[in-house]
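One structure below.
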Amino acid sequence: MTPEEKARAEIDQLLKEAGWAVQDYDQFSLGASLGVAVREFPLVSGFADYLLFIDWEAVGAVEAKPEGTTLSGVEEQ
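All residue numbers for the sequence shown refer to the working numbering, where the first residue is 51 and numbers rise by one.
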């Protein structure tokens with residue numbers, strides 16, 4: 051398992067434990083759950099690693115970074 055695959059598996063597990071339904075962009079259904087986390091969601095400026103939806107409305111994003119990365123310079127991403 052690559053470091054990226056390992057990180058994605060860990061993030062997926064944490065989101066699921068928090069009650070999110072985790073789905074891939076190419077097969078997502080916002081009606082699957084009250085809270086849906088969609089992987090690799092396309093945005094105007096690139097991709098969100100995870101875009102979070104509650105009741106069909108985008109409410110946040112999760113950007114995965116290597117462990118130890120500071121938020122300086124990435125908070126606008």
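Glycine is no exception: its CB is placed at the ideal position from the N, C-alpha and C atoms.
How is GLY81 classed by DSSP in three states: helix, strand or coil? The residue given as residue 81 occupies position 31 in the sequence shown. When DSSP states are grouped into helix, strand and coil, GLY81 belongs to the helix group.
Rounded to whole angstroms, what's the CA-CA distance from LEU80 to PHE91? Just pull it up for me. Start at 1 with the first residue of the sequence shown, and residue 80 comes out as number 30. Start at 1 with the first residue of the sequence shown, and residue 91 comes out as number 41. Rounded to the nearest angstrom, the two C-alpha atoms are 13 Å apart.
Which residues in the same chain have their Cβ closer than 6 Å to the Cβ of VAL88, if we skip the five residues on either side of it in sequence? Start at 1 with the first residue of the sequence shown, and residue 88 comes out as number 38. Excluding residues within five positions, the ones whose Cβ falls inside 6 Å are GLN73, TYR75, PHE78 and LEU101.
Determine the extent of the alpha helix (DSSP H) in which GLU107 is found, giving its start and end residues. Stepping through the sequence shown from its first residue, residue 107 is reached at position 57. Premise fails: GLU107 lies in the beta strand (DSSP E), 107-112, not in any alpha helix (DSSP H).
Straight-line CA distance for THR25 to VAL109? In the structure as shown, the chain begins at 51 and stops at 127. Residue 25 is therefore absent and cannot be evaluated.
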